[in-house]
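K.L.:
Okay, so the sequence shown: first residue is 0 according to numbering that gives the first Met the number 0, each after it adds one. Handing you a structure now.
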Amino acid sequence: MQNRTIRHLLRNLLLVSIVLLPFTGKAQSEALPLLRPQNGALLYTADSLGNRIPDYSYCGYRSSEVELPIVPAVLVVQPMQEDATATLQGAIDHLSTLPVQANGFRGAILLEEGRYRLNGRLTIRHSGIVIRGRGAETVLVAGGTDRQTLIRVLGKDDREWSANTPVTEAYVPVGARELQVENPEAFRAGDQVTIRRPSTQTWIDLLGMNEYGGGTGWLKWRPGERDLLWERTVLAVEGSQLQLDAPLTSALDTAYGGGTVAKLQWPGRIEQIGIENLSLQSSYDPENPKDEGHCWNAISFEYARNAWVRNVSFRHFAGSAVALYETTDQVSVQDCVSTDPVSEIGGERRNTFFTMGQRTLFLRCYAALGRHDFAAGFCAPGPNAFVQCTNYLPYDFSGAIDSWASGLLLDNVLIDGQAIRFSNLERTRQGAGWNAANSMIWQSAAAKIECYNPPTANNWAYGVWARFAGDGHWYEANSHIQPQSLFFAQLAERTGRELNSFDDQLLSYRGASTSKPSHEQAAEATEFVAMPAPDLLHLIARHGLPESLDANLSGARIMEPVLPTESGNKTSAAASVSVRNGLLLFQDKILTGRQMGVPWWRGDDRPFNTEKSQPAITRFVPGRTGLGYTDELSAVVDYMVQEKVALVEHNYGLWYDRRRDDHERVRRMDGDSWAPFYEQPFARSGQGEAWDRLSKYDLTRYNRWYWSRLADFARIAEPKGRILMHQNYFQHNILEAGAHWADSPWRPANNINDTGFPEPPAYAGDKRIFFAGQFYDVDHPVRRALHKAYIRHGLDQLKDRSNVLQSISAEFTGPLHFVEFWLDVIAEWRSENNSRNLICLSTTKDVQDAILANPKYAKLVDVIGIQYWAYRADSSLYTPLGGIHLAPRQNARLESPGKRSFASVYRSVSEYRLRYPDKAVIYSENGDPRWGWAILMAGGSLPPVPEELPEAFYALAASMHPVKGSGPATGYLLENDRDEMIIYLVAGSSVRRNLPAGNYQVDHFTPRGKAVKREKWTSRKGPFTFKNDSEADLILCLHKDNWK
């Protein structure tokens, strides 16, 4: 420890020299390399701080210390003509109920040769399960338009940590397996622990990740967002020192926050999982070579360790063949082949073999026509290794593709026509910046290799062939070195095995590479060059499972086919949303609650951002599921119930990917799009290039995933009484900042449909867009037909759901004639369909009044939405005009919307409720939940009043209508035909009403829903005065039924 402290004191002088004096090639050549291959052995040298090249051999299933096991089959599944999803998932679920044997497995499911079509997807949630085929002739085909991962290995995130214990050493070097901690007595041998390396502002500043230039502060690194988190096992505790089972891959330095250790309990993490010896394919639209309406990822692992994928081939997937996310550890992927991916050539596609985990190994993997074929993702803590991997004509580089992947090894990796990059990616992928630390490129080749050293870390390139760039550590470039593989040399050294025992794991090359061959060597070389060079595909084939495997199945059970069941599409009347008595009702009760929107720009698909995210319906992050990613729709509905949200207002994204969040209007350089993606309602054509450099849209074809998500959400939300407001359009695209129009599917540069808008766009002041006039012009023959078909498609897709409100557009301030056109299309559709969606009229007041004054259109309207106008607290009217080509916030800048009050909100709602008693009225003009009681007392729907009120209250309110003349001076009153009332008494006010003789129960509530008192009351015929002498508002409910 004293030596490390001394080294740490010297460290600051070293860092000064690093910052002030650039490295030169001469200086590097004179320095002693940290690793010197000598006669096939490895000689390590630590630097002045104790840093050494990490031991990468800990990667893989059980740290590569054992062979991947062969697990006997206990279930056999045979191919079937029907959808096999239920059968295969049933086999997985049955195996999950069997006990775990002494070998750690429950058994294997054997899939016999044949094709298995899976219109659904498979999930493994328990340990000890292996899925195995008979080889390439066992083919699982992901059918349908579902983009979810075909086979998802998914444990449970029930992690619990002890309190953090500080690391006491000033500096813990790269490669260390020992830590001095503050209270070692808290730890025991065998403890699972996590070591956290914080990302502090000081460290971020030193790396230069605090600014990318040009006002891109939104992309900078922030403290706490790029912490490294290693999982390790404590092997021993000696004094204050913990011995760990694997090395750390980045230094812990008190100058940059040091580090902490915490014990980890994780009962829900699963292990001993295998997927092997089969072929996985995705169906797709053969008419679209870039179709994305199909399965994206083939296999993914989350909350799992000690697992494998081997001898699996992949075809036609849009995303990853295998994706190992940040909660994976000690996973092997070997002898796998991915070919013929089908997708756009863009960001988040074709990351063929991908890891964000630690101690993961990709051995002998081949990819054709991918993008980032061999890739480590965001802050992958490592070590992680790609060994003996080859690709063919990738569209982008391999290596680390996001921030600070630590301890990455590319060993005998051949990149055909693209790059390997350990460098500063700067603002790429939302500010990835420095992508690799303490990482090694060993005996590999690429068109270009970038090897740079980030501050506080090193990167190395040994025995590589390429065009070179970078100030990293280069050794024997353009030379072959021994040992052939660093990974296997380290593994042999660590496990005590002979290095040549791993010879069959690698490609072997004949002949000598000498520049002075003998006659015999020249003759030998002349003979064998007549044949093709050693080929990875042949080596993979040689490592296939033996054909004799599963020859004896006498102890296995044959799984009976489970036929898919038809999911009910209709909803019972009891679970339907309806408009009755001029109110939105569910189960004969008035619907109450807040309204919420969905995110339509911004976002980050990195783990640190998920907790800050809003729920969404059509947000898409390939391969990831959950808040901030591709939301579980049931979780969105659960969120609405929990947060008392009655309605979600949905519109499509302002633009597809996050690059346009910079609000630039320029054409992008390439299709390297950034997730999360806010999907558009139209499908891409696979033809040409749009402004974002993905293919152009076809406005006559629709994004099946987008519409299925809306339909599925409505189906799930309907039994819970939650409403989907489907905004047909999003006016934000055609007004204000020019970037709003840049990627719009309607822009001619972005579609194949000749929409007729001027191109290039004439931006006002070379900045602003005013396309509302043209967009709402329904006389243009092409656009008219496209609008009509699009509106009808939205009605078709959601027609079976009572809880859908069709509304014309978010932020709509458009003209009367476009609303009339919209309603004409709806009327035509209704005449042809038995189903009818609820129609919500939410426009400026002048347009709203004109529509409602016309019987032809008024009869089509079920709900009146007050969103773009309102009475002010001073009784004046804020009412921007429709069709003047200004957005709501532009109108608000010209004329102040003013303030609202209980009385003004009541007036806005009650005027329409009394004028149109058969139509529901909802109010969302300023989204202020304070006015819930004003909305309710005015006869409005979806008032955000407390849910703590008795259930009977909502049933009573469903029978009520507002009393004309109610107001602040006379009191606010609702009544029904049974002479029951709900009275809102402002503090110090009174209400006088005539009542027939009868018996009532009177419940008193505060506006927060708290019950004040309950009394029995007998009325004599005649007038009666209700008084509120208190200093707080009070609600009285007079009813004839006994409430519990």
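Every residue, glycine too, gets a C-beta built ideally from N, C-alpha and C. Treat the numbers as computed from the prediction; the structure is a model and nothing was measured.
Compute the distance between the beta-carbons of Thr248 and Gly406, then report whether it is under 8 Å.
P.N.:
For the purposes of this step, residue 248 is taken as the residue at position 249 of the sequence shown. For the purposes of this step, residue 406 is taken as the residue at position 407 of the sequence shown. Yes; because the gap between Cβ atoms is below 8 Å, this pair is in contact.
K.L.:
Going by DSSP in three states, Trp229 sits in which element: helix, strand or coil?
P.N.:
Indexing the sequence shown from 1 puts residue 229 at position 230. Strand.
K.L.:
I want to know whether the stretch 239-253 touches the stretch 167-186 - three or more CB-CB distances under 8 Å.
P.N.:
Contact holds: three or more Cβ-Cβ distances are below 8 Å.
K.L.:
Measuring CA to CA, which of Cys378, Ser337, Cys1036 and Ala460 is closest to Leu368?
P.N.:
Position 369 of the sequence shown, counted from the start, is the residue given in the question as residue 368. Nearest option by C-alpha distance: Ser337.
K.L.:
Please specify which runs of the beta strand (DSSP E), each continuous and at least 3 residues long, are wholly inside the stretch 290-323, giving them in chain order.
P.N.:
298-301, 303-314 and 321-323, all fully within the stretch 290-323.
K.L.:
Please classify Asn832 as buried or exposed, where buried requires at least 16 other C-beta atoms within 10 Å of its C-beta.
P.N.:
Start at 1 with the first residue of the sequence shown, and residue 832 comes out as number 833. Flag for Asn832 reads exposed.
K.L.:
Please specify which runs of the beta strand (DSSP E), each continuous and at least 3 residues long, are wholly inside the stretch 314-377, giving them in chain order.
P.N.:
321-323, 327-338, 352-354, 357-367 and 373-375
K.L.:
Roughly how many angstroms lie between the CA atoms of Glu425 and Thr699, to the nearest whole one?
P.N.:
Here residue 425 refers to the residue found at position 426 of the sequence shown. Here residue 699 refers to the residue found at position 700 of the sequence shown. Rounded to the nearest whole angstrom, the C-alpha separation of Glu425 and Thr699 is 39 Å.
K.L.:
Whole beta strand (DSSP E) runs in the stretch 448-503 with 3 or more residues, listed along the chain?
P.N.:
458-461, 464-468 and 472-474
K.L.:
With a cut-off of 8 Å on the beta carbons, I'd call Ser1048 and Leu972 a contact; round off their distance for me.
P.N.:
Residue 1048 cannot be examined here, being either before or after the span of the chain that is shown, 0 to 1043.
K.L.:
Which of the three DSSP states is assigned to Pro854 in this structure?
P.N.:
Residue 854 sits at position 855 when you count from the first residue of the sequence shown. Pro854: helix per DSSP, three-state reduction.
K.L.:
Whose CA, out of Ile982, Gly462 and Leu109, lies closest to the CA of Gly554?
P.N.:
Along the sequence shown, one-based indexing puts residue 554 at 555. Per the C-alpha coordinates, the member of Ile982, Gly462 and Leu109 positioned closest to Gly554 is Leu109.
K.L.:
Per DSSP, which one or two residues make a beta bridge with Thr843?
P.N.:
Residue mapping note: residue 843 aligns to position 844 of the sequence shown, counting from 1. According to DSSP, which records beta bridges pairwise, Thr843 is partnered with nothing at all.
K.L.:
Could you check which residue in Gly143, Met208, Pro288 and Asp671 has the C-alpha nearest to that of Gly432?
P.N.:
The residue you call residue 432 lines up with position 433 of the sequence shown. Measuring from the Cα of Gly432, the nearest candidate turns out to be Met208.
K.L.:
Can you tell me where the alpha helix (DSSP H) holding Glu519 begins and where it ends?
P.N.:
Along the sequence shown, one-based indexing puts residue 519 at 520. From DSSP, the alpha helix (DSSP H) with Glu519 extends over His518 to Phe527.
K.L.:
Of all the options Leu490, Ala384 and Arg556, which has the alpha carbon lying nearest to the alpha carbon of Asp502?
P.N.:
To locate residue 502, count along the sequence shown from 1; it is residue 503. Cα-wise, what sits closest to Asp502 is Leu490.
K.L.:
Could you tell me which residues DSSP pairs with Cys388 in its beta bridges?
P.N.:
Locating residue 388 in the sequence shown gives position 389, where the first residue counts as 1. Answer by DSSP bridge pairing, in chain order: Val412.
K.L.:
Whether or not the stretch 46-59 and the stretch 316-328 are in contact is what I'm after, with contact meaning three or more pairs of Cβ atoms, one per stretch, closer than 8 Å; do they touch?
P.N.:
no
K.L.:
Since Cys1036 sits in a beta bridge, which residues does DSSP pair it with?
P.N.:
In the sequence shown, the residue the question calls residue 1036 occupies position 1037. Paired residues: Ile981 and Asp1002.
K.L.:
Evaluate contact between the stretch 602-609 and the stretch 635-652, counting only Cβ atoms and requiring at least three cross-stretch pairs below 8 Å.
P.N.:
no
K.L.:
At which residues does the beta strand (DSSP E) containing Met724 begin and terminate?
P.N.:
Taking the sequence shown and counting its residues from 1, one reaches residue 724 at position 725. Met724 -> beta strand (DSSP E) spans Ile722 to Phe729.
K.L.:
What does the Cβ neighbour count give for Leu536, buried or exposed, with the cut at 16 atoms within 10 Å?
P.N.:
Taking the sequence shown and counting its residues from 1, the one referred to as residue 536 is at position 537. Leu536 should be labelled exposed.
K.L.:
Please classify Cys342: is it buried, with 16 or more other beta-carbons within 10 angstroms of its beta-carbon, or exposed?
P.N.:
On the sequence shown, residue 342 is found 343 positions in, with the first residue counted as 1. Correcting the residue identity first, residue 342 is Ser in this sequence and not Cys. Sixteen is the threshold: when 16 or more other Cβ atoms of the shown chains lie within 10 Å of the Cβ of Ser342, as they do, the residue is buried.
K.L.:
Closest to Gln333 by CA distance: which of Val192, Ser63 and Cys378 is it?
P.N.:
Here the question's residue 333 lines up with position 334 in the sequence shown. The residue with the shortest Cα to Cα distance from Gln333 is Ser63.
K.L.:
Provide the residue(s) that pair with Ser397 in DSSP beta bridges, ordered along the chain.
P.N.:
Position 398 of the sequence shown holds residue 397. Bridge partners of Ser397: Ile419.
K.L.:
To which residues of the same chain is Gly931 closer than 6 Å at the C-beta, ignoring the five residues directly before and after it?
P.N.:
As a first step, residue 931 is located in the sequence shown; it is residue number 932 there, counting from the start. Taken in chain order, the residues that qualify are Pro942, Pro943 and Val944.
K.L.:
Expressed to the nearest angstrom, what Euclidean distance is found between the alpha-carbon atoms of Ile128 and Ala90?
P.N.:
As a position in the sequence shown, residue 128 is number 129, starting the count at 1. As a position in the sequence shown, residue 90 is number 91, starting the count at 1. For Ile128 and Ala90, the distance between alpha carbons rounds to 10 Å.
K.L.:
Does the separation of the CB atoms of Ile865 and Val803 fall below 8 Å?
P.N.:
Position 866 of the sequence shown, counted from the start, is the residue given in the question as residue 865. Position 804 of the sequence shown, counted from the start, is the residue given in the question as residue 803. No, the Cβ-Cβ distance between Ile865 and Val803 is not below 8 Å.
K.L.:
Going by Cα to Cα distance, which pick from Ala849, Val192, Gln805 and Asp82 is closest to His816?
P.N.:
In the sequence shown, the residue the question calls residue 816 occupies position 817. Ranking Ala849, Val192, Gln805 and Asp82 by Cα distance to His816 puts Ala849 first.
K.L.:
Are the beta-carbon atoms of His725 and Gly793 separated by less than 8 Å?
P.N.:
As a position in the sequence shown, residue 725 is number 726, starting the count at 1. As a position in the sequence shown, residue 793 is number 794, starting the count at 1. A distance below 8 Å separates the beta carbons of His725 and Gly793.
K.L.:
Looking at the structure shown, is Asn750 part of a helix, part of a strand, or coil, going by DSSP?
P.N.:
Position 751 of the sequence shown holds residue 750. The answer is strand: DSSP assigns Asn750 an E or B state.
K.L.:
May I ask you to list the residues that DSSP assigns as paired with Ala436?
P.N.:
Taking the first residue of the sequence shown as position 1, residue 436 is located at position 437. BP columns for Ala436 point to Ser405.
K.L.:
In this structure, what does DSSP give as the bridge partners for Val990?
P.N.:
Taking the first residue of the sequence shown as position 1, residue 990 is located at position 991. Val990 is bridged to Phe1025.
K.L.:
Nearest by alpha-carbon distance to Glu717: which of Leu797, Asp669, Asp46 and Pro757 is it?
P.N.:
Position 718 of the sequence shown, counted from the first residue, corresponds to residue 717. In this structure, Leu797 is the residue among Leu797, Asp669, Asp46 and Pro757 with its C-alpha nearest to the C-alpha of Glu717.
K.L.:
Quick one: residues in its chain with C-beta nearer than 8 Å to the C-beta of Leu117, no 5 flanking neighbours on either side, listed in chain order?
P.N.:
On the sequence shown, residue 117 is found 118 positions in, with the first residue counted as 1. So the qualifying residues of the chain are Asp82, Ala83, Thr84, Leu87, Leu139, Val140, Ala141, Gly142 and Leu149.
K.L.:
Kindly indicate which residue of Trp673, Leu646 and Val647 has the alpha-carbon position closest to the one of Arg659.
P.N.:
Translated into positions along the sequence shown, residue 659 becomes position 660. Arg659 has its Cα closest to that of Trp673, out of Trp673, Leu646 and Val647.
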